[in-house]
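In the numbering used here, the protein residues as written are 160 to 497.
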């Protein structure tokens, strides 16, 4: 079997490529010219292709004809300066349109698309299922991903055999820029007087990557699958990471409105000072909600197996220590199961 993977150097992409190669696939990995390929080059047998989802010509040159599967995992996720938020639409919406059109032109057999649970209207309340309507807000990331879902749905109408996967908040190895920052802040002894007010049904990246491969074999054409896991609060996550590192955790949970205000103040203050923000309005908007989701459809149809929060955090911690991103504590802790 042969696969074409976008977002191959990212948090999900690296583990997806690992799982594909482990299962005997031949992988063509799309990457930008500036991408760090160190983690991929140690995986045997990968073919590398330079390109960008915003450049349709590069996709047409890079995507093999009649490929068995396209795994579209590329996306604009990380914090951006306020004046660059428009690029989320260029990457997430237009980039997905380019991928869909190229997959149709190149006659790809299947198209496995990485969406997010945030494309659903979680603000209506209740546990999110695949029956929820689309996100209705104005956040650039969530809105652009919801519009990307529409692009893939249009592709399905045009004959594309696509499967939608909607991961929740994800923890695990190869996290270089999201929750791994929490480990670094806590180990450096930075004061964490409060934790975000929300929570989520969280997912383990390794299991998410494995389920992408399973979706090729078992996913139904045009169907959506939520990939969540155990329900946790962000306060609990902070406390467990602190326990894992033998450091003090947060003292309290900040109220929702104040936490959103903190996101704006920290973001614009950091922009003015020329430093990387530790919080943004987009992240604060997400973390102040409790976004619980139902993974039963993915469990039933794809064989998805959620992990415990302890397993996810330990996976991230061990990878960070092994790669020198984090110092091992003299007396290593381990989060206790709840």
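All residues carry an ideal CB built from backbone N, CA and C; glycine is no exception. Note that the coordinates shown come from a computational prediction; the quantities given were computed from them, not determined experimentally.
Leaving out the 5 sequence neighbours to the left and right, which residues in its chain are closer than 8 Å to residue i when beta-carbon positions are compared?
| i | result |
| --- | --- |
| residue 250 | 212, 213, 233, 234, 235, 303 |
| residue 223 | 161, 163, 187, 265 |
| residue 459 | none |
| residue 429 | 435, 436, 437 |
| residue 414 | 356 |
Residues in the same chain with beta-carbon distance under 6 Å from residue i, minus the five sequence neighbours each way, listed in chain order, please.
| i | result |
| --- | --- |
| residue 448 | 357 |
| residue 471 | 330, 331, 363 |
| residue 286 | 451, 453 |
| residue 247 | 235, 299, 300, 303 |
| residue 261 | 218, 219, 222 |
| residue 486 | none |
| residue 307 | 251, 252, 255 |
| residue 408 | 397, 398, 401 |
| residue 427 | none |
| residue 419 | 443, 447 |
| residue 474 | 331, 332 |
| residue 197 | none |
Helix, strand or coil: how does DSSP classify residue i here?
| i | result |
| --- | --- |
| residue 388 | coil |
| residue 163 | strand |
| residue 279 | strand |
| residue 201 | coil |
| residue 224 | coil |
| residue 440 | helix |
| residue 250 | helix |
| residue 418 | helix |
| residue 325 | strand |
| residue 376 | helix |
| residue 217 | helix |
| residue 235 | coil |
| residue 445 | helix |
| residue 486 | coil |
| residue 194 | coil |
| residue 287 | strand |
| residue 497 | Reliability fails at residue 497, whose pLDDT of 45 lies under 50, so the model's placement of it is uncertain and the value that follows must be treated cautiously. Of the three classes helix, strand and coil, the one that applies to residue 497 here is coil, per DSSP. |
Starting from residue i, follow the beta strand (DSSP E) in both directions and report where the run begins and ends.
| i | result |
| --- | --- |
| residue 187 | 185-190 |
| residue 228 | 228-231 |
| residue 302 | First-last for residue 302: 299-316, but that is the alpha helix (DSSP H), not the beta strand (DSSP E). |
| residue 272 | 269-273 |
| residue 209 | 206-209 |
Can you check whether the CB of residue j is closer than 8 Å to the CB of residue i?
| i | j | result |
| --- | --- | --- |
| residue 219 | residue 264 | yes |
| residue 277 | residue 445 | yes |
| residue 461 | residue 370 | yes |
| residue 416 | residue 443 | no |
| residue 348 | residue 402 | no |
| residue 175 | residue 230 | yes |
| residue 441 | residue 298 | yes |
| residue 291 | residue 279 | yes |
| residue 410 | residue 353 | yes |
| residue 404 | residue 477 | no |
| residue 314 | residue 375 | no |
| residue 397 | residue 341 | yes |
| residue 367 | residue 351 | no |
| residue 199 | residue 173 | yes |
| residue 268 | residue 320 | yes |
| residue 185 | residue 210 | no |
| residue 327 | residue 388 | yes |
| residue 258 | residue 392 | no |
Could you check where the alpha helix (DSSP H) with residue i kicks off and where it finishes?
| i | result |
| --- | --- |
| residue 259 | 254-264 |
| residue 170 | 170-181 |
| residue 402 | 393-403 |
| residue 409 | Neither: residue 409 is in no alpha helix (DSSP H) and is coded neither H nor E. |
| residue 481 | 468-481 |
| residue 457 | 455-461 |
Following a CB-centred definition, is residue i positioned closer than 7 Å to any heavy atom of the ligand SAH?
| i | result |
| --- | --- |
| residue 375 | With respect to small molecules bound, the structure shown includes none, and the ligand SAH cannot be examined in it. |
If I measure Cβ to Cβ from residue i and keep anything under 7 Å in the same chain, skipping five residues before and after, which residues do I get?
| i | result |
| --- | --- |
| residue 336 | 237 |
| residue 390 | 358, 360, 451 |
| residue 383 | 289, 323, 325 |
| residue 194 | 168 |
| residue 202 | 176, 177, 180 |
| residue 439 | 238, 422, 426 |
| residue 412 | 353, 354, 356, 394 |
| residue 182 | 372 |
| residue 318 | 263 |
| residue 305 | 278, 293, 294 |
| residue 275 | 304, 325, 326 |
Which ranges does the alpha helix (DSSP H) cover as unbroken runs of at least 4 residues, wholly within the segment 327-373, from first to last along the chain?
-> As summarised for the segment 327-373, the continuous alpha helix (DSSP H) elements at least 4 residues long and confined to that stretch are 339-346, given in chain order.
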